[in-house]
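K.L.:
Protein chains in written order, with our numbering: chain A, 23 to 279; chain B, 23 to 279.
We treat Cβ as the ideally placed atom computed from N, Cα and C, and that holds for glycine.
Given the structure is predicted, the values throughout are model-derived calculations rather than measurements.
Got a structure for you, questions after.
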């Protein structure tokens, strides 16, 4: 589809010409990332090939590899960009909230759930990172990506802790890390191919396979937020928690967590 | 490695002979599944090819496809078997527990965390199911698989509810469904290739990328269990929860959840 737009055409016009000046190189990289993004949103990350991206940009596959190590590095760069946009969305959704105000847990749960549900590319990319992307790029590229993704998680944990000052920074990190993993896993379940979506919808026995992403993420966020304080170590008596300190011999604690 | 054991050799002896009797067919299918399991445990699911499995069994790839639709169907069958073993482990770990006894939440969290952490093949397979496996088999094979996986989740939810009678069946389903998704996602993060494990260990900035599977799963299970009751709708005041009923206009509820 980019072929009908500016960047695709531009890149096509200069096909097989090597971008030498830094701004030319940056422009070509942006065209490649834009094409990969469009194809991934249309067909799903798993289905996008290096050749498909090169065709979309209008350059030869070998030319594309002057700008990125591998197909996986292209998607790792896209994931890093998605994390940056996601961080901005959390600031936009929570920076104005009054710390500890009534409803702050519901607000955090809703903003976090929407921040993922409104980013299909990020959700699709999340499970691909550890499974594929990080395995097919240089350690240096993984390091750059990790500094971005871990930085985004840490910054968002801080945004949440400002709204929920009753939670520790570590608890906010536990919460948002679990939500990111769940968003990636749940998005895949919530977006089966049409033939399977029809299969699940048609068979009452398969109804639990039909997952609605936003309410599922919001609900899990509410459960996690509600459990962080009562699950503190040393454990406190409370609803859903009936453990006197050090009771079960099997209840070894997570270090730091 | 199976080549050094019974099944591999047996299959090798009968290479290119077609198994016609039901028990022969079953034996051949078991040899194929056993070889796929060994290779997946050694190299990771992502790295195992149909040719690799055929070589391990000692039959031709085309012969292998008489017994399974695709590479993905072989792994979907393995996943179904893993869910059955996992269900048995939950029964073994929790059927003797006294309902609602002190420490029951810690016990459930520990048994559930161990049930995944001790099953690397199941954890590796979980993210592959929606991402790859279910997309490359017939709808009928997906349906058979889903009935097994959904049945396992439902049965384990019942096992947990017996130990935690204060939770509803729906809450136990929410809990174990989230834990299964987290086990799949977290296992991938906890098992990076050696070059990345070294990278993460060497750089203090990347320390958060080092994940210890069992304590992480146990801790998240404890948080989820602690949050299920306080997050009930209508919401109740309580630790980590300061929302008077119907306060935030954004706090739409998950249908059924």
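#1: Do you know offhand how far residue 198 of chain B's Cα is from residue 122 of chain A's?
#2: Specify whether the region 80-93 of chain A and the region 128-144 of chain A touch according to this definition: at least 3 beta carbon pairs, one from each stretch, less than 8 Å apart.
#3: Who are the neighbours of residue 153 of chain B on chain A, taking C-beta pairs under 7 Å?
#4: Tell me which residue opens and which closes the alpha helix (DSSP H) that residue 151 of chain A is part of.
#5: Helix, strand or coil, according to DSSP, for residue 73 of chain A in the structure here?
#6: Does residue 222 of chain A come out as helix, strand or coil in the three-state DSSP assignment?
#7: Would you verify that the beta carbon of residue 206 of chain B is, or is not, closer than 8 Å to some beta carbon of chain A?
#8: Using a Cβ-Cβ distance cut-off of 8 Å, determine whether residue 217 of chain B contacts chain A.
#9: Using DSSP with H/G/I as helix, E/B as strand and the rest coil, what is residue 257 of chain B?
#10: Go to residue 197 of chain A, then tell me how far its alpha helix (DSSP H) extends in each direction, as first and last residue.
#11: Under DSSP, the alpha helix (DSSP H) around residue 17 of chain B begins and ends at which residues?
#12: Using the rule of at least 16 other Cβ atoms within 10 Å of the residue's Cβ for burial, across every protein chain shown, is residue 146 of chain A buried or exposed?
#13: DSSP on residue 128 of chain A, reduced to helix/strand/coil?
#14: Grouping DSSP H, G and I as helix and E and B as strand, with all else coil, what is residue 121 of chain A?
#15: Closer than 8 Å is the cut-off here; do at least three beta carbon pairs connect the region 209-220 of chain A with the region 95-105 of chain A?
#16: To the nearest angstrom, report how far apart residue 117 of chain A and residue 171 of chain A are at their CA atoms.
#17: If we define contact as Cβ-Cβ less than 8 Å, is residue 227 of chain B a contact residue for chain A?
#18: Could you give the distance in angstroms between the alpha-carbon of residue 181 of chain B and the alpha-carbon of residue 91 of chain B?
#19: When the Cα of residue 86 of chain B is compared with those of B/104, B/115, B/230 and B/51, which residue comes out closest?
#20: Spatial neighbours of residue 61 of chain A within its chain, please: CB distance less than 7 Å, with the 5 preceding and 5 following residues excluded, ordered by chain position.
#21: Take residue 29 of chain A and list the residues in its own chain whose beta-carbon comes closer than 6 Å to its own, dropping the five residues that flank it on each side.
#22: Can you confirm whether residue 44 of chain B, when its beta carbon is compared against all beta carbons of chain A, has any partner nearer than 8 Å?
#23: Does residue 242 of chain B have its Cβ less than 8 Å from a Cβ in chain A?
#24: Run through DSSP, which three-state label would residue 81 of chain B get?
#25: Output, in chain order, the set of chain A residues within a Cβ distance shorter than 8 Å of residue 196 of chain B.
#26: Below 7 Å, is the gap between the Cβ of residue 81 of chain B and the nearest heavy atom of the ligand PLP?
#27: Is it true that the region 148-167 of chain A meets the region 216-227 of chain B, where meeting means three or more beta-carbon pairs spaced less than 8 Å apart?
#28: Rounded C-beta distance between residue 185 of chain A and residue 126 of chain A? I'm assuming under 8 Å.
#29: Taking Cβ positions only, does residue 187 of chain A come closer than 8 Å to chain B?
#30: So what does DSSP say about residue 44 of chain B, is it helix, strand or coil?
#31: Roughly how many whole angstroms lie between the Cα atoms of residue 154 of chain A and residue 110 of chain A?
#32: Using the Cα positions of residue 119 of chain B and residue 179 of chain B, report the straight-line distance between them to the nearest angstrom.
#33: Would a check of beta-carbon distances place residue 50 of chain B closer than 8 Å to chain A?
#34: Strictly below 7 Å CB to CB, what residues from chain B border residue 168 of chain A?
P.N.:
Let me lay it out:
#1: 30 Å
#2: no
#3: 68, 149 and 210
#4: 142-153
#5: helix
#6: helix
#7: yes
#8: yes
#9: Since pLDDT at residue 257 of chain B reaches only 47, below the 50 mark, its modelled position is unreliable, and the value read off the structure follows with that caveat. In the structure shown, residue 257 of chain B sits in coil (DSSP, three-state: anything other than H, G, I, E or B).
#10: 191-212
#11: No answer is possible for residue 17 of chain B: it lies beyond the span of chain B, which begins at 23 and ends at 279.
#12: buried
#13: helix
#14: coil
#15: no
#16: 20 Å
#17: yes
#18: 34 Å
#19: B/51
#20: 70, 74, 75 and 78
#21: Model confidence at residue 29 of chain A stands at a pLDDT of 41, short of 50, so the residue's coordinates are unreliable; what they give is reported in the following sentence. These residues qualify, in order along the chain: 53 and 56.
#22: no
#23: yes
#24: coil
#25: 241, 242 and 245
#26: Questions concerning the ligand PLP fall outside what the structure shown contains, since it holds no ligand whatsoever.
#27: yes
#28: 5 Å
#29: no
#30: helix
#31: 26 Å
#32: 15 Å
#33: no
#34: 228 and 231
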